[in-house]
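Beneath this line is the structure, given in C-alpha cells, with notes to follow.
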Amino acid sequence: MRRVLLWAPFVFFASLFAVFASGLLNPVDRSVPSGLVGRSVPAFELPGMLDPAQPVSAASLATGKPKILNVFASWCVPCVQEAPALMQLQSRDVEIIGIAIHDRPDALRKFLSENGNPYAAIGDDANSRTQIAFGSAGVPETFVVDGKGVVRYQHIGIVKPNDVAIIMAKLKEAQ
Amino acid sequence: MIRNLLALLLMFSPLLVAPVTAQSVYNDRQLPDPEQERQAMALMETIRCVVCQGQAITGSNADLAADMRGMIRERIAAGEKPEDIRAWLIQNYGEWVSFKPEMGGSSTPLWIIPLFALALGAFLARGRFKRKAR
Amino acid sequence: MIAEAGHAALWFAGAMALLQFALGALGLTDRYQSLRGSAAPVAVVQMVLTCLSFLCLIIVFMRSDMSVLLVATNSHSDKPWLYKFAGTWGNHEGSMLLWVTILAIGGATVALFERALDVRTKTATLAAQGAIALGFYAFLLFSSNPFARIDPAPANGQGLNPLLQDPGLAFHPPTLYMGYVGMSVAFSFAVGALVTRDVGPTFARAMRPWILGAWIFLTIGITAGSYWAYYELGWGGWWFWDPVENASLMPWLAATALLHSVTVLATRDSLRAWTIMLSVVAFSMSMIGTFLVRSGILTSVHSFAVDPRRGGFILMLLALYIGGALALFALRINTVREGNRFEAISREGSLVFNNLLLSIILVIVLIGTLYPLALEATTGTKISVGAPYFNSTAGPVTLVLLIGMAAGPLMRWRFDQAKKVAERLALPALALALAALLLAAFAGPIGILPLLGLVVAAGVAAASIAPLWKRNLRRTPLFTWGMVIAHLGCAVSMAGMAADSAFTKEALVAMQIGQTQQIGPYSVTLNKVTEEPGPNWSALDAEMIVRKGDDAPFTVHPQSRTFTDPPMETNESAITTAWNGQLYLVIGIPKDNAGFPVRFYWKPFVTLIWIGGIFIALGGLLSLFGRVNRDLFSIRRLFGKKVAAS
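Laid out in C-alpha cells, this is it:
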C-alpha cells in the first residue's frame, strides 16, 4: 500500500505529461462547430436584403431540394476569397441562400458586383440572431441543408476550390 | 499574464470590422428592470464568446458577443429562464459555449477528483495525529 | 560584436553548468570526496557569465542594433528608453535568458551564502541546480538563441507591440520569473536532501528563506498582473480564471502550502516527506506554468508567438526534472521517517489543516485548467471550465481555509485545549457577528458567497492581529509581525473581492453630449468627445466631468483607441480612486446613432484586493528579514563560542 502511494505522484505526473504531449502533437482545433448538424434548421424569418419581395425563412430551406446556406458579409475580407468557389457551385446548379450579417444593401451590391453573385436569395441578419440560431461562430460559414430542411453538413471558414467536391458530395448524400 | 492581456486585447482586433447597422438596443444597454438585468448579467458572465474564445461575452468587444448580449437581455425581458437560454446556446454551439460545466456527464471528474483528493488528504493527515486513546 | 560576446558567454555559462553538475555529482561519491567544495565556485562563475550575457542583450537592445534578429523583430529605435530596456525580456528568447540569469543568481547565492546546510546536502543541491540550469542553457542555445544575427540588417525594427508598452512590462514579468525560478532553489534543496537522506530542522531552516523569497515575488507578480489586467482590459474584472492566470496561481498555492509545512519541519521535525513533496510540486507548477504559456496548447487566447518545438523542449525538461525528482522521491522517501506525531488541536495540527485545504484548492485549479484539454484529447468533446466552476468549488474551500487561518496562530505548538482556543477567538467572533449585523442592517440583498466573504474577512482580520495582543510590540519578533501582516493581508484582500462582487454598481448608457449619469455617489457629465491622434493610433477621447456632493468637480478622460497596424480597438479606462472605492469609466466606439456607449462602474473598496496583496508580500518580507536575522545571529553566536573556546 505504502509503495503504491509513494509512486502515485509519479503516475499522476506521467498522466499530465501524456495530456501535454498529446496537446502538443495535435494542435488544438479552435473552430466552434455548430450543434445543428443532423437537426432541422431553426425557425427564422429574415427580410430580403436586396429584394424585399424575397424574404428568407426556414420554409425557403425545406423545398424538397438540397441547398447551401452561406453565412457571409460584404465587410468580411475572407469572404472575397471564397467567391470563386461559390460561383463554381452555382454554375453546377446548386441553389445558394445567403445570410448577410451586419450588412447594408449598398455595400452588399458593391460586393456582389465585384465578386459575382452566386445567391438565389439573401436574408438580412442585422443583429446576428439567425447566425446564433444556426450555431455559427463567424463569417464565412457554409451549411448543407437537405430537402426536408435538416442541416447535414457544416463547413467552417473559406470554401476553397478543392472544397467544392466535398460539398457536392454532401449535397448528393442529402438527396 | 502579459501574453494573456495581449491576446485578450488582440482579439478585439476584428480583422473584420462590421459597419454600423440596426442593432438591438440592449447590446450595450441595461434592462430597465434591475432584477432581470441581474439575471441576464449572471448568465452572460458564463457564456463564452465564440469569436474570441478566451472571454465571456460580457468582456468582449466582438460584434457577435454584443449581439448575444442583446439577444440574452431581450429573451430574459420576454420572461425566458436563464437556464433555458443556456441550454439553447449549448444546443447550438456545444457545451463549449458555457463556462459552467454541467454536473454529471463528461464533466463528472471535475467534481469527483477534488473530493477524492480531499478524502485522500484527510486520510494521509490522519496518520500524522496521535491516537486519542492512550 | 557585443552579440557574439553575449552568445559566447552563454556557451561558457552552459559549460560551467555542466561542470557544476559533474563536480557536485562526483563529490557525492566516496572516491572523489575532495571535489565537494569545487561546485560552489563554479556556480559563481556560471552566474557571472550569465549576467554578462544578459547585460550584452540589454546593451544590444538599448543601442537598437538591428543586425540582431531579436532586436529587429521586437524593437524600434524611436521607442522611449524604458521600453527598449524592458523590451529585452518582452519576447520569448529574452525572457528565457532572464529566466536562466535569475536561476544562475539563485545558484550562486546558495553557493556563497548557504552555511547552515550539511556540506553533502549543499553539494547535492548545487549539482541539482547545475542540472536544471544545463537544460535551460541547452534550450536557449539550441532552439531560442537570443543573439542570432540577421543579414542584411533592416533599417529599423518591427517595434514592440504597443500593448506591451506599459510600465507594467518593466515590472511584472521579472517579478513573476523570480518567483518561478526561486522555486527551483527549493526544488534543488529537496533533491539534494533526497540524495543524502538528510531531511530535518536544519535543512528546513536553510530552505525557508528561499521559499519565502520566491513566494514574495510570486505574490507581487500576481497582484501586479491582476491590477494590470483590471485597468487595461476595460471591463472592470480583475481575475478571469484564465489558464495563464491559473498558471501563475498554482505555483503560489503550492509555495504557500510549502511555506507553512517547512515551518512545521523546522520547529517540530515533522512532515518531512510532505515538505519534500511540496517542494517538488511547487517547482513543477512553475515549469508547467512556463510550458502552458509558451506552448500555446490551451485555448486560442495564447495562439500567438507559440512554437510547438519550443513547447516540446520545455516538456522534455519538465519530464526529466519533475519525473526524475518524483521517481527519486518514490525510491528514497521510504528511508526518511515522517517524524513526530502530534495532537490535532495544536499549531502544527492547524498547519496540516492549512496544507490540506491549500492542496485541495491547487487540485481544483489544476483540474479545472487541464481537464478540458484532457477531455478533448481523449474523447474529442469540447467543454469550458470557467469562473462558475472555480468560484463554486475553490470559493467555499478558501472561506474555510481563512477561518482556519484565524484560529491557527492562536494555538500553541505541541498541544492546546479547544476551550482555550475558543476563548481566544471570542473577540474575532464578535467582530464577525458585528459585521454580519451591520451587513444585514444596511447592505441590502447580496449573494451568499460575497456575504460570507465579508463576514469572514471581518472576523479573520480581527483574529490575525490577535497574536499581538498583550505582547510587548517592540520585543515581538519580526517574523511574527510578518505572519500577522500577511494574514491581515489575506483578510483585506478577501474583503475587497467580496465587496467588489457584492456592491459594484454598473451602468451602460448611450450618452449624448451634455448628458449626466448617476453612478454610486457620483454624477458624471459627458462634456465633449474629440478625436485625439496618437503615434500609431487614433483615439476617441471623452472629457467627462465628475461631481460628488459639494466637492470640487474634476475631469477625467477615458479613451477608445483604434490602432491601425495591426488593426485593433482598445479601451483606456479612466479610473478615479477614492478612499472608499474606484470610479471606473470606459467609452466605446458608437455603433448606432443613439450616442456614445459609456460603461460606468462604481466599485466600493475594490482596491482592498491589491492592498491586501501588498500586505501579504510585505508580511513575507518582514518574515524573511526576521528569519535571516535570527539565523545569522545564531551562526554568529556559534562562531563566537568557538572563538571563546579556543
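Here the protein sequences line up with chains A, B and C, keeping their order.
The opening residue of the first sequence carries number 1 in my numbering; numbering runs sequentially from there.
The opening residue of the second sequence carries number 1 in my numbering; numbering runs sequentially from there.
The opening residue of the third sequence carries number 1 in my numbering; numbering runs sequentially from there.
Glycine included, each C-beta is placed from N, C-alpha and C at the ideal position.
Since the model is a prediction, treat every value here as computed from it, not as a measurement.
**Study point:** With 16 other Cβ atoms within 10 Å as the buried cut-off, status of L438 of chain C
**Key:** exposed
Exercise for review: Could you work out which residues of chain A lie near A330 of chain C, taking near to mean beta carbons separated by less than 7 Å?
Suggested key: L6, W7 and F10
Practice item. Anything in the segment 130 to 156 of chain A with a Cβ closer than 8 Å to a Cβ of chain F? List those residues in chain order, please. Key: Absent from the structure: chain F. Protein chains present are A, B and C.
Exercise for review: State the DSSP-derived secondary structure class of Y584 of chain C, mapped to helix, strand or coil.
Suggested key: strand
Check your understanding: Expressed to the nearest angstrom, what Euclidean distance is found between the alpha-carbon atoms of R459 of chain C and Q559 of chain C?
Key -> Sequence inspection shows Gly at residue 459 of chain C; the Arg mentioned does not correspond to that position. Roughly 41 Å between the two C-alpha positions.
**Study point:** Continuous beta strand (DSSP E) stretch holding N70 of chain A: start and end
**Key:** K67 to F72
Point to revise | Proximity to V41 of chain A [Cα-Cα], best of A:L50, A:I68 and A:M49 | key: A:I68
**Study point:** CB of V385 of chain C within 9 Å of CB of S107 of chain B, strictly
**Key:** yes
Exercise for review: On a CA-only basis, which of C:S493, C:L57, C:A542 and C:W469 is nearest P450 of chain C? Give me that one, please.
Suggested key: C:S493
Exercise for review: Output the distance between the C-alpha atoms of I132 of chain C and M287 of chain C, rounded to the nearest integer angstrom.
Suggested key: 11 Å
Exercise for review: Could you spell out where the alpha helix (DSSP H) holding N355 of chain C opens and where it closes?
Suggested key: R347 to T379
**Study point:** Straight-line gap, L61 of chain A to E74 of chain B (C-alpha atoms, nearest Å)
**Key:** 27 Å
Check your understanding: Which of helix, strand or coil does DSSP assign to V44 of chain C?
Key -> helix
Exercise for review: May I ask you to verify whether the segment 42 to 55 of chain B touches the segment 129 to 149 of chain A, counting CB pairs closer than 8 Å and requiring at least 3?
Suggested key: yes
Review point. Given a limit of 9 Å on CB to CB distance, which residues of the segment 312 to 336 of chain C reach chain A?
Key: G312, L315, L318, A319, I322, G323, L326, A327, F329, A330, L331, I333 and N334
Exercise for review: At 8 Å on the CB atoms, spell out the chain C contacts of L24 of chain A, in chain order.
Suggested key: S295, I297, P308, G311, G312 and L315
Review point. Any Cβ of chain B within less than 9 Å of the Cβ of W215 of chain C?
Key: no
Review point. Using a beta-carbon distance cut-off of less than 8 Å, what residues from the segment 91 to 105 of chain B approach chain A?
Key: Q91, N92, Y93, G94, W96 and V97
Exercise for review: State the CB to CB distance for the pair F283 of chain C and M178 of chain C, rounded to an integer number of angstroms; the pair is presumed to be in contact (CB under 8 Å).
Suggested key: About 14 Å separates the two Cβ atoms, so there is no contact after all.
Exercise for review: Could you check which residue in C:P521, C:V421, C:A111 and C:E423 has the C-alpha nearest to that of A206 of chain C?
Suggested key: C:A111
Exercise for review: Below 8 Å on the Cβ atoms is my guess for Y180 of chain C versus P251 of chain C; work out the distance and round it to an integer in Å.
Suggested key: 6 Å
Check your understanding: Beta carbon of L55 of chain C, beta carbon of G87 of chain C: below 9 Å?
Key -> no
**Study point:** Under the three-state DSSP convention, the category I288 of chain C falls into
**Key:** helix
Check your understanding: Does any residue of chain A bring its CB to less than 9 Å from the CB of V280 of chain C?
Key -> yes
Practice item. Kindly indicate which three-state DSSP category V301 of chain C falls into: helix, strand or coil? Key: Residue placement at V301 of chain C is poorly supported in this model, since its pLDDT is 41, which falls under 50; the coordinates still yield a value, given next. Three-state DSSP puts V301 of chain C in a helix.
Check your understanding: Between S128 of chain A and D67 of chain B, which are expected to be in contact by the criterion C-beta below 8 Å, what is the C-beta distance as a whole number of angstroms?
Key -> 4 Å
Review point. Under the three-state reduction of DSSP, which class applies to T175 of chain C: helix, strand or coil?
Key: helix
Check your understanding: Can you name the start and end residues of the beta strand (DSSP E) that W602 of chain C belongs to?
Key -> F596 to P604
Exercise for review: For chain B, find out if any of its Cβ atoms is closer than 9 Å to the Cβ of L46 of chain A; answer yes or no.
Suggested key: no
Practice item. Identify, in the order they occur along the chain, each residue of the same chain with its Cβ nearer than 7 Å to the Cβ of T562 of chain C, setting aside the five sequence neighbours on each side. Key: W537, S538 and E569
Review point. Are the beta-carbon atoms of L434 of chain C and R424 of chain C separated by less than 9 Å?
Key: no
Check your understanding: Does the beta carbon of V94 of chain A sit closer than 9 Å to a beta carbon anywhere in chain B?
Key -> no
Check your understanding: Hey, is R29 of chain B's beta-carbon within less than 9 Å of any beta-carbon in chain C?
Key -> yes
Point to revise | Span of the beta strand (DSSP E) around S544 of chain C | key: In the sequence as displayed, the identity of residue 544 of chain C is Met instead of Ser. Segment W537 to R547, the beta strand (DSSP E) holding M544 of chain C.
Review point. What number of angstroms, rounded off, separates the C-alpha of K100 of chain B from the C-alpha of L36 of chain A?
Key: 21 Å
Check your understanding: Using Cβ-Cβ distances below 7 Å, what residues of the segment 369 to 386 of chain C are close to chain A?
Key -> L370, L373, A374 and A377
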